[in-house]
Each structure stands twice: as C-alpha cells, then as structure tokens.
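As you go down the protein sequences, you meet chains S and C in turn.
Residue numbering for the first sequence follows my numbering, starting at 7 and increasing by one per position.
Residue numbering for the second sequence follows my numbering, starting at 7 and increasing by one per position.
What follows is a single structure, written as structure tokens, with notes after it.
Protein chains: 2
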Amino acid sequence: MEPDRIIADLAAGARRAAAVLAASRGEKRNAALLACAKAIRDDADRLRSENSRDLARGEEFALSRAMVDRLTLDDARIEAMARALEQIAAQEDPIGRTISACNRPNGLRVEKRRVPIGVIGIIFESRPNVTADAAALCIKSGNACILRGGKEAINSNLAIAAAMRKGLDAAGLPAEAVTVLESTDRELVGAMARAEGLIDLIIPRGGRTLIRAVAEAATIPVIKHYAGNCHVYVHAKANLGMAERIALNAKCQRPGVCNAAETLLVDQAVARRFLGDIAPQFASEGVELRGCEQARAIVEMAPASEEDWSEEYLGLILAVKVVEDIDEAIAHINTYSSGHTEAIVTDEVQAAEQFVARVDSSSVMVNASTRFSDGEQYGLGAEIGISTDKLHARGPMGAEDLTTCKWIVTGNGHLRQ
Amino acid sequence: MEPDRIIADLAAGARRAAAVLAASRGEKRNAALLACAKAIRDDADRLRSENSRDLARGEEFALSRAMVDRLTLDDARIEAMARALEQIAAQEDPIGRTISACNRPNGLRVEKRRVPIGVIGIIFESRPNVTADAAALCIKSGNACILRGGKEAINSNLAIAAAMRKGLDAAGLPAEAVTVLESTDRELVGAMARAEGLIDLIIPRGGRTLIRAVAEAATIPVIKHYAGNCHVYVHAKANLGMAERIALNAKCQRPGVCNAAETLLVDQAVARRFLGDIAPQFASEGVELRGCEQARAIVEMAPASEEDWSEEYLGLILAVKVVEDIDEAIAHINTYSSGHTEAIVTDEVQAAEQFVARVDSSSVMVNASTRFSDGEQYGLGAEIGISTDKLHARGPMGAEDLTTCKWIVTGNGHLRQ
Numbered sequence: 007m008e009p010d011r012i013i014a015d016l017a018a019g020a021r022r023a024a025a026v027l028a029a030s031r032g033e034k035r036n037a038a039l040l041a042c043a044k045a046i047r048d049d050a051d052r053l054r055s056e057n058s059r060d061l062a063r064g065e066e067f068a069l070s071r072a073m074v075d076r077l078t079l080d081d082a083r084i085e086a087m088a089r090a091l092e093q094i095a096a097q098e099d100p101i102g103r104t105i106s107a108c109n110r111p112n113g114l115r116v117e118k119r120r121v122p123i124g125v126i127g128i129i130f131e132s133r134p135n136v137t138a139d140a141a142a143l144c145i146k147s148g149n150a151c152i153l154r155g156g157k158e159a160i161n162s163n164l165a166i167a168a169a170m171r172k173g174l175d176a177a178g179l180p181a182e183a184v185t186v187l188e189s190t191d192r193e194l195v196g197a198m199a200r201a202e203g204l205i206d207l208i209i210p211r212g213g214r215t216l217i218r219a220v221a222e223a224a225t226i227p228v229i230k231h232y233a234g235n236c237h238v239y240v241h242a243k244a245n246l247g248m249a250e251r252i253a254l255n256a257k258c259q260r261p262g263v264c265n266a267a268e269t270l271l272v273d274q275a276v277a278r279r280f281l282g283d284i285a286p287q288f289a290s291e292g293v294e295l296r297g298c299e300q301a302r303a304i305v306e307m308a309p310a311s312e313e314d315w316s317e318e319y320l321g322l323i324l325a326v327k328v329v330e331d332i333d334e335a336i337a338h339i340n341t342y343s344s345g346h347t348e349a350i351v352t353d354e355v356q357a358a359e360q361f362v363a364r365v366d367s368s369s370v371m372v373n374a375s376t377r378f379s380d381g382e383q384y385g386l387g388a389e390i391g392i393s394t395d396k397l398h399a400r401g402p403m404g405a406e407d408l409t410t411c412k413w414i415v416t417g418n419g420h421l422r423q
Numbered sequence: 007m008e009p010d011r012i013i014a015d016l017a018a019g020a021r022r023a024a025a026v027l028a029a030s031r032g033e034k035r036n037a038a039l040l041a042c043a044k045a046i047r048d049d050a051d052r053l054r055s056e057n058s059r060d061l062a063r064g065e066e067f068a069l070s071r072a073m074v075d076r077l078t079l080d081d082a083r084i085e086a087m088a089r090a091l092e093q094i095a096a097q098e099d100p101i102g103r104t105i106s107a108c109n110r111p112n113g114l115r116v117e118k119r120r121v122p123i124g125v126i127g128i129i130f131e132s133r134p135n136v137t138a139d140a141a142a143l144c145i146k147s148g149n150a151c152i153l154r155g156g157k158e159a160i161n162s163n164l165a166i167a168a169a170m171r172k173g174l175d176a177a178g179l180p181a182e183a184v185t186v187l188e189s190t191d192r193e194l195v196g197a198m199a200r201a202e203g204l205i206d207l208i209i210p211r212g213g214r215t216l217i218r219a220v221a222e223a224a225t226i227p228v229i230k231h232y233a234g235n236c237h238v239y240v241h242a243k244a245n246l247g248m249a250e251r252i253a254l255n256a257k258c259q260r261p262g263v264c265n266a267a268e269t270l271l272v273d274q275a276v277a278r279r280f281l282g283d284i285a286p287q288f289a290s291e292g293v294e295l296r297g298c299e300q301a302r303a304i305v306e307m308a309p310a311s312e313e314d315w316s317e318e319y320l321g322l323i324l325a326v327k328v329v330e331d332i333d334e335a336i337a338h339i340n341t342y343s344s345g346h347t348e349a350i351v352t353d354e355v356q357a358a359e360q361f362v363a364r365v366d367s368s369s370v371m372v373n374a375s376t377r378f379s380d381g382e383q384y385g386l387g388a389e390i391g392i393s394t395d396k397l398h399a400r401g402p403m404g405a406e407d408l409t410t411c412k413w414i415v416t417g418n419g420h421l422r423q
C-alpha cells in the first residue's frame with residue numbers, strides 16, 4: 007500500500023478512538039492505564055522474547071554497547087515500565103480544567119477550558135520504554151497516538167503496544183488509541199508529517215537528521231526535540247569551588263543524556279585559577295578537553311574547531327572557551343546552543359539576572375547543574391520529552407502540554423449589537 | 007537580491023531589535039506605543055495621501071466596493087488606529103509573569119516565566135489598520151515583527167510602519183522592531199516561511215490559498231488563521247424564538263466577517279416550524295438560502311451542493327441542512343467546519359454539554375450568536391487574529407499568545423545525584 011494510504015487508514019482509526027477518549031471520564035482513562043500496567047506485567051515473557059529477537063539483530067544494525075544496553079528489556083526494566091504507567095495514572099487529570107473564566111459585562115459567560123489535542127504522532131529512536139511512556143501520557147491527556155520507534159527496537163515496541171492495547175480494551179476504551187507502525191520505512195514518517203486533518207501534531211525526538219527531515223516535510227504542527235548542546239558559564243564572581251562541582255556534575259554524572267553539559271565557558275578573570283584546578287579532575291574522570299587558544303595557553307588540551315561549539319558529544323568530551331565577560335558568554339550561547347539548558351555560576355545578583363533575561367534557552371539555571379532540566383525534577387511527573395522549540399511547549403513536556411484549549415461561551419439568547 | 011537574502015537581512019535587524027525589546031521594561035514599551043499613536047496622528051496627512059495612491063490603483067486590482075471601503079483611511083479611521091494603540095498600551099504587561107513556580111523538595115526553586123517569542127512574521131491581506139494593530143501587539147509583548155500586507159494596501163501599510171518606527175525611535179527602542187516588506191512578491195512569503203533560526207513564528211491570516219502555500223513551504227512554526235465556516239445548530243429542544251434571533255444575528259449582523267454563520271443546521275423535529283418562520287425573515291434581509299433536500303421540501307430554496315457545506319460565503323448566502331439529531335449535527339460540523347466557531351440553541355442541559363464536549367472547534371457557543379467570537383468580546387483586548395489551529399494558540403489571540411515560557415531554576419550549588 008501507498009505510505010499516505012497506510013497512514014490515512016491508521017489515523018482514521020486513531021481519530022475515532024480520540025473522539026471516544028476526549029469524551030471519556032478521567033477515572034476511565036486511569037483505569038485503562040492501570041490495566042496497561044497489568045498487561046505489561048502479564049506479558050513479561052513475551053516482551054523478553056520479542057526483545058531477544060531485536061537484540062539478536064543488534065550486530066546487523068552495528069549497535070554500540072551503550073545502544074544494546076538501552077535496547078535491553080530485563081525484568082527490572084519491565085517492572086519499571088509498569089510502575090511508570092501506575093504513576094501516570096496517579097497524576098492529576100489535565101483535561102477539563104478551567105484555564106480562565108469570566109462573566110462579561112453583557113452577562114455572557116466566557117470560559118477557556120483544557121481539552122485533548124486529538125491524534126498525536128511521535129517519532130523516536132531510543133529505548134523501548136518510550137513506547138509505554140508516550141502512549142500512557144497520550145491516554146492520560148485524552149489523545150490517541152501513532153508511534154514510530156527505531157527499527158532496532160521494532161519487535162519490542164510492537165509487543166509493548168500490544169500490551170497497551172489489551173489494557174485499553176480491558177477498560178472499555180478503543181484499542182486504536184495506541185498504534186505502533188509495523189514498518190519503520192522512512193516514507194511513513196513523511197506521510198505522517200503530511201497527514202493534515204488526520205494527525206494534529208507530530209513530535210520528533212532524537213537525531214538531528216530525522217528531526218530536520220520531519221520539519222521540512224511537515225504541513226502539520228511539529229514540536230521538535232533536539233538533543234541538548236548545554237553550557238555551563240563560570241562568571242567572574244563565581245564561588246569557584248561550587249563552579250567546579252557544578253561543571254563536573256553537569257559533564258560527568260551521566261554524559262550520554264541531553265541535559266549533560268557540552269561546553270564550558272569561563273570568564274577570563276578567573277580562567278587561570280579555575281581551569282588549572284578543574285583540568286586534573288576532568289582528566290581523572292576521563293574527559294577529553296578541547297579548548298580555544300586562551301584555554302590552551304592555561305591548560306594543555308586539543309584545539310577546539312568551529313564545529314566543536316555546536317557539537318553534542320553525548321560522551322566524555324568537553325569544549326572549553328575563555329570569554330571576556332558575561333556579554334560574550336551570552337552571545338556565544340545564543341549563537342551555538344540548541345536552546346535546551348544553560349547554567350551560570352555566580353554570586354552576583356545582577357549577573358544572574360542578566361543571564362536569565364538574555365539567554366534564549368528553554369531552561370536557565372543559576373548555581374545548579376544542567377542535569378536538573380527534566381520533567382520529573384521540575385515536578386511535572388513523566389515527560390514526553392524536552393521541547394527545544396518555543397511554540398506551544400518549551401522545555402520538559404508533561405501531560406498538560408499534550409492539551410489545547412476550547413472557548414466555551416454561554417449566553418441566554420445573546421445577540422451582537 | 008535573492009528573496010532568502012532579503013529576508014535574512016531584515017530578520018537579522020529584527021532579531022537585534024527583539025533582544026533589546028525582550029530585555030526592556032514594560033513602561034518603555036508602553037511609552038513607545040503612545041509615541042506610535044502620536045506619530046500616527048502627526049502623520050495623518052501623509053497617511054491619507056499614501057492611501058489615495060493605493061485607492062487610485064484599486065481598479066487595477068479589480069477591488070470590489072466592499073474591498074475599497076475596507077482599504078480607505080479617513081480621519082475617523084486614522085484616529086481609531088491611534089486610539090487602538092493607546093488601548094494596547096493600557097493593557098496589562100504579558101511579559102515577566104510567573105506561570106507557575108515551586109520549591110522542590112531538594113530546595114531547588116523552579117519557575118516557569120512568560121517571555122517574548124522573538125521575531126514574528128505576519129502575513130495578511132486585509133485592512134491597513136492591521137499593520138498598526140499587529141505591530142502594536144508585538145511591541146507590547148516584547149517581540150519584533152516582519153509584516154507582509156496585501157499589494158492593494160502597500161503604500162498605506164508602509165506609511166503606517168514609518169509612523170510606528172518613529173514612535174519606537176522616540177521612545178528609545180530600535181525602529182527595526184517593526185518592518186513592513188517593501189515588495190509584495192510572493193517569493194518573499196516563501197522565504198519568510200523557511201527562515202529557520204531567524205523568524206520564530208509565522209502567522210498567515212486570510213485567504214485559503216495563501217495559508218496553504220505558507221503551511222506547505224514552512225519549516226518554522228505556523229499558526230493558521232483560516233476564515234470561519236461557522237455553524238448554528240437549532241436543537242429539538244430549542245426556544246425557537248431565541249433560535250431565530252440568534253440565526254439572524256449570526257448571519258446578517260455583519261456578513262463579511264469570519265465569525266458570521268455560513269451554515270444553519272436544524273433538527274428534524276422542529277425543522278418545519280422553524281424554517282417556515284425564519285425563511286421570510288432571511289428573504290427580507292436579502293439572504294439567499296441553499297438547502298438539502300429535506301429543507302427544500304419545507305421552504306423553496308436553491309439546492310446545496312457538497313461544496314456549499316465547506317463554503318465560507320462571507321456574504322448574504324446561507325447553507326441549510328436538516329439533521330436527524332445532535333449526533334448528525336456534531337458529525338457534520340466536525341467534517342466541514344474550519345474549526346472557528348459553532349453555536350447550539352437549546353434549552354436542554356445534556357444537549358448543551360454534548361455539543362460543548364464533542365464539537366472540535368476553537369469556540370463553542372450555547373444560546374449565543376457566533377458573532378461574539380472575538381478577542382474584544384472575550385475580554386482579551388486587541389487581537390492579532392483568530393487561530394483555527396490547535397497548537398500554541400486556539401481562538402482569539404491576544405498579546406499573551408505572542409509569548410512563550412522560560413524555565414528559571416535557582417539553586418545553591420545543587421548537583422544531580
């Protein structure tokens with residue numbers, strides 16, 4: 007079948023399901039999530055065996071050890087997946103809340119109310135548990151979803167979707183609310199991005215090439231989740247001990263994730279002392295430094311190329327640049343950052359305020375590690391990802407960000423004069 | 007010059023201006039709006055003479071009388087334009103407000119704060135006062151804008167922009183915050199829609215062809231403002247007198263605007279009485295009816311074709327369909343509506359609730375005319391338009407919808423465990 011036809015058929019089913027979910031009670035959607043958790047546990051054997059099929063093909067896709075690790079579903083991870091669904095069930099219902107309401111002078115009642123978006127397409131390349139998390143957040147917020155995971159996890163993803171559909175069915179909600187594409191053909195991604203009137207929103211997470219391709223093909227709204235090129239800026243008035251701990255934590259605590267730091271900016275006033283002190287600690291953590299000329303005059307390290315300033319290493323490499331002042335730090339960030347998360351370490355109120363006001367990223371940290379930028383840490387519960395876009399959702403996206411609003415206007419025969 | 011190059015140059019200036027506006031105080035932006043109002047009044051002679059040049063070319067563009075009327079700037083309209091700027095200056099500042107904030111258990115302070123979006127492109131085809139309104143809402147919300155109006159109003163639009171730039175300059179804000187494209191070449195619209203990293207959002211208002219072209223070319227976020235195919239549904243349990251008054255008001259009070267009704271749906275239980283009573287009233291208002299077979303069996307009218315159900319007449323024509331029940335009414339609306347505004351007339355609570363919950367449009371009216379769907383009537387103040395999209399903004403868009411958020415996280419040396 008033609009890709010457009012496949013997507014149109016699936017989306018038609020998803021739209022019917024979305025209409026049922028939108029009109030459903032929160033307790034029914036929560037019951038479905040609990041039933042999904044049960045189905046995931048009941049299907050543990052099947053999930054492991056389908057996962058083994060994916061793992062067996064790992065060599066074919068030339069997966070690194072880290073990727074194989076992320077792909078693997080063991081008992082602990084299956085249990086964690088089920089628990090995550092139960093936690094989402096326990097969260098507050100984002101649907102039906104009044105955003106604002108007033109009585110107008112003419113007696114008309116105007117209410118702005120949260121409602122589901124409809125059908126959401128999510129494209130991801132990472133761990134299979136994203137299938138369960140993303141589907142669960144969509145169910146919670148009354149949306150249907152069409153999920154397209156990576157080819158290396160296709161059997162695991164389909165098995166998880168089958169369990170979720172069992173859960174929906176057990177709770178009396180339509181199974182078509184959750185679909186994982188059976189083929190990972192790239193043309194289907196294009197067809198999703200063009201499915202105007204069928205899919206309301208598409209969220210691509212992960213690789214730059216994939217996200218760009220989706221954004222370019224799309225005629226429907228896209229919320230892009232680029233990985234993070236996060237910065238730590240050590241200000242002239244920083245507590246240098248705190249700055250060292252934050253820079254080390256931001257880079258080394260979990261280097262493979264999007265909120266880890268990729269570039270360290272150091273004010274020239276403290277560069278000699280700070281870099282001299284921190285360089286041996288990075289070395290003992292196995293971090294390779296790549297610096298500007300000034301940094302290299304202080305500590306021996308490889309030279310940083312222009313590409314290094316934009317690079318998201320997701321590994322034990324750190325770009326280092328000495329800046330003249332806060333203006334240069336902010337200008338550097340606004341030029342090279344992916345708009346994810348940036349941190350300043352400073353004791354000076356004015357510097358913190360300047361940094362917060364002028365850095366154009368979704369999260370700005372003052373005296374804290376970039377690693378805190380995540381939905382759980384912000385108190386949002388599970389997240390669908392971290393938006394590096396500015397429209398509709400910016401930063402960690404929770405269930406509430408999968409909603410839109412509807413204006414409900416109640417009169418008593420009101421006519422416009 | 008190449009279209010991409012022209013837009014890149016203008017957008018670079020706009021971005022520099024946007025950074026200044028984003029860091030500016032509300033009182034400065036308000037002072038600029040008042041200075042813009044003064045400049046509009048001071049320039050009244052020039053505005054009228056530039057407007058005359060546009061009007062003189064009206065025949066060349068084959069403008070209808072209604073279009074010539076909308077294009078004309080007289081003293082009263084120039085004064086109204088200046089007053090609208092003063093009203094926007096008096097509105098609350100949408101920037102810097104805390105959307106939510108909390109202290110996390112680990113002592114980290116997490117705040118979600120409203121900030122400007124950056125550079126906004128607005129494409130419109132209507133009256134020249136849109137130039138002043140749109141620019142003013144962008145200034146109010148700390149954004150720079152690049153405006154592209156219709157070719158029939160180019161001289162008027164450029165003269166208004168010149169006055170706005172004088173006002174910005176007088177208040178010490180960069181004039182580059184407001185730009186009207188000097189050429190209405192369609193290729194520039196495409197270039198705007200592809201200006202990733204330069205323009206943050208593009209808002210096309212007006213004609214379906216233009217909006218589709220923008221959505222298809224765009225790699226940056228688009229908020230579409232389709233005109234309205236609005237419905238009035240007369241339920242079986244409606245107060246028929248109220249239903250008549252609402253249907254007449256929705257169609258006839260100002261037929262050329264987007265929140266006027268285009269299709270009347272009548273429940274079969276009341277169709278004979280209702281249509282019999284209202285038909286002569288529509289006739290005396292000069293409204294042409296086009297109906298389904300059942301409607302034509304009750305009242306003599308032209309047959310409605312499939313296209314009529316999707317049509318936005320913006321004039322004195324009304325499509326009429328008799329429906330079996332509320333389910334058919336909702337299904338018809340969700341199939342043919344542009345998602346703008348729909349009204350139900352009913353005395354039955356359950357019917358009103360069903361309609362509100364299941365109609366997938368930005369505004370849903372109960373016992374009120376569709377004509378109330380507008381920012382002023384909803385208490386939002388001036389509006390940038392009415393979004394028929396679901397993402398970021400839905401329904402009347404005020405200054406607050408021209409903002410995004412930033413997460414500000416404050417610690418005291420916090421490290422992730």
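Built from N, CA and C at the ideal position, the CB exists for glycine as well.
Report the rounded CA-to-CA distance for residue i versus residue j, giving the unit in angstroms.
i        : j        : result
C/GLY345 : S/ARG22  : 17 Å
C/ARG279 : C/ILE332 : 18 Å
S/LYS257 : S/ALA267 : 5 Å
C/VAL372 : S/LEU114 : 10 Å
S/LEU27  : C/PRO180 : 49 Å
C/ALA413 : C/ARG110 : Inspection of the sequence shows that residue 413 of chain C is occupied by Trp rather than by Ala. Roughly 14 Å between the two C-alpha positions.
C/VAL276 : S/ALA29  : 27 Å
C/GLN259 : C/ALA233 : 17 Å
C/ILE339 : C/LEU270 : 10 Å
S/LEU174 : S/LEU91  : 13 Å
C/ALA399 : C/GLU389 : 12 Å
S/ILE84  : S/LEU53  : 8 Å
C/ALA285 : C/GLY297 : 11 Å
DSSP three-state call for residue i: helix, strand or coil?
i        : result
C/VAL372 : strand
S/CYS151 : strand
S/ALA177 : coil
C/ALA201 : coil
C/VAL276 : helix
S/LEU324 : strand
S/GLY345 : coil
S/ARG35  : helix
S/ASN161 : helix
Label residue i either buried or exposed according to how many other C-beta atoms from any shown protein chain fall within 10 Å of its C-beta, with 16 as the threshold for buried.
i        : result
S/GLN356 : exposed
S/ALA72  : exposed
S/CYS108 : exposed
C/LYS118 : buried
S/ASN265 : buried
S/ALA337 : exposed
S/ASN255 : buried
S/PRO309 : exposed
S/ARG377 : buried
Using the DSSP secondary-structure output, state which residues sit across from residue i in a beta bridge.
i        : result
S/LYS2   : Here chain S comprises residues numbered 7 to 423, so residue 2 of chain S is not present and cannot be evaluated.
S/THR185 : S/ILE152
C/ALA267 : C/CYS236
S/ARG296 : S/ALA308 and S/ALA325
Would you kindly report the start and end of the unbroken beta strand (DSSP E) that includes residue i?
i        : result
C/ASP51  : First-last for C/ASP51: 50–62, but that is the alpha helix (DSSP H), not the beta strand (DSSP E).
S/SER393 : 391–393
In the DSSP assignment, find the unbroken alpha helix (DSSP H) run with residue i in it and report its ends.
i        : result
C/GLY381 : From DSSP, C/GLY381 is part of no alpha helix (DSSP H); its letter is neither H nor E.
S/TYR342 : 332–342
S/SER316 : 312–316
Mind checking whether the beta-carbon of residue i lies closer than 7 Å to any heavy atom of the ligand SAH?
i        : result
S/LEU421 : In the structure shown, the ligand SAH is absent, as is every other ligand, since no ligand is present at all.
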